[in-house]
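J.: Right, I'll just put the structure down here and ask away after.
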Amino acid sequence: MHARPCSRILLAVAFWTALPAAANGQTSVEVGPLVALYAPVGTFSPSAVYSTALPERPSDLRGVAWGAQGRLWLTPKFGVRLLAAAASSRFGGGVNTPGGFVTTPKRAQVVTVTAEALYRPVPTVLPFWLSVGAGVVRHGGEAYAPYGSPRPLAGVLGAGCDAHLGPHITAALGVTALFYSLNFKDSIHRMSFEYGPQTDVLAHIGLAWRSRLR
7 MHARPCSRIL LAVAFWTALP AAANGQTSVE VGPLVALYAP VGTFSPSAVY STALPERPSD
67 LRGVAWGAQG RLWLTPKFGV RLLAAAASSR FGGGVNTPGG FVTTPKRAQV VTVTAEALYR
127 PVPTVLPFWL SVGAGVVRHG GEAYAPYGSP RPLAGVLGAG CDAHLGPHIT AALGVTALFY
187 SLNFKDSIHR MSFEYGPQTD VLAHIGLAWR SRLR
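Residues 7 to 220 (our numbering) make up the sequence shown, in order.
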């Protein structure tokens, strides 16, 4: 998936959309923290090699993610968003696996960073929005560090709604899905440990400080 060219196109469209919006004083910015459930829902393709230091399935990486997002609304309907979140997990320990008996749980961390274009179809009491863009999914921590912490590019789709809690506070509830291909190998035999198409879901809620740009 050509995520990098797509993100450049989205930023170019956002720039040209912003010109009349800024002139009319319609531009606003929102920045704040978020908490999410990081839930990989895909599977790993069958492999000839196995490591007890790696998760047996993508769902082993499920965990609570903490992060932040910033949104720039160029018009009432169009905007851009940057989102970053990190989820930590532990897996294995005291179990028999195809690779042997594992006594100590392993730690992993997955960091997701996305850049998206936003669209609000119609103004409502709870504004509904859709998003599309590109991102990076970094697998790191104790489990993935020996393999260089792979960072595949991802396509991103999202949806959610907002609730204005005051003149400057917005609560945002949303779901973001990242689609990418994972394939990393050992440095000696060049054999794949984990590979195949992946789908990671972030169900997130956050608070943001909202300010209109004049």
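Ideal Cβ positions, reconstructed from N, Cα and C, are used throughout, including at glycine. Owing to the predicted nature of the structure, the values given are computational and were not obtained by experimental measurement.
Return the chain-ordered list of same chain residues with a C-beta closer than 6 Å to the C-beta of A149, the five sequence neighbours on each side being excluded.
T.: Mapped onto the sequence shown, residue 149 falls at position 143. Only A59, L60, K112, A114 meet the Cβ criterion.
J.: What would DSSP say about S51, mapped onto helix, strand or coil?
T.: As a first step, residue 51 is located in the sequence shown; it is residue number 45 there, counting from the start. Correct three-state label for S51: coil.
J.: By how many angstroms is the C-alpha of S137 removed from the C-alpha of S94?
T.: To locate residue 94, count along the sequence shown from 1; it is residue 88. To locate residue 137, count along the sequence shown from 1; it is residue 131. If I take the Cα positions, the gap works out to 25 Å.
J.: Determine whether the beta carbon atoms of W79 and V131 lie at a separation below 9 Å.
T.: The count along the sequence shown starts at 1 and reaches residue 79 at position 73. The count along the sequence shown starts at 1 and reaches residue 131 at position 125. Not in contact: W79 and V131 (Cβ atoms no closer than 9 Å).
J.: Suppose contacts are defined by Cβ-Cβ distances below 9 Å. Is F185 in contact with L163 by that definition?
T.: As a working note, residue 185 is residue 179 in the sequence shown. As a working note, residue 163 is residue 157 in the sequence shown. Their beta carbons are under 9 Å apart, which means F185 touches L163 by this criterion.
J.: Going by Cα to Cα distance, which pick from P127, R157, L213, S155 is closest to F84?
T.: Taking the sequence shown and counting its residues from 1, one reaches residue 84 at position 78. Selected option, being the one with the closest Cα: P127.
J.: What number of angstroms, rounded off, separates the C-alpha of R87 from the C-alpha of R96?
T.: Residue mapping note: residue 87 aligns to position 81 of the sequence shown, counting from 1. Residue mapping note: residue 96 aligns to position 90 of the sequence shown, counting from 1. Each residue's Cα considered, the two are about 30 Å apart.
J.: Whose C-beta lies closer than 7 Å to the C-beta of P64 among residues of the same chain, with five residues either side of it excluded?
T.: Taking the first residue of the sequence shown as position 1, residue 64 is located at position 58. Here the set comprises P46, G48, T49, F50, Q204.
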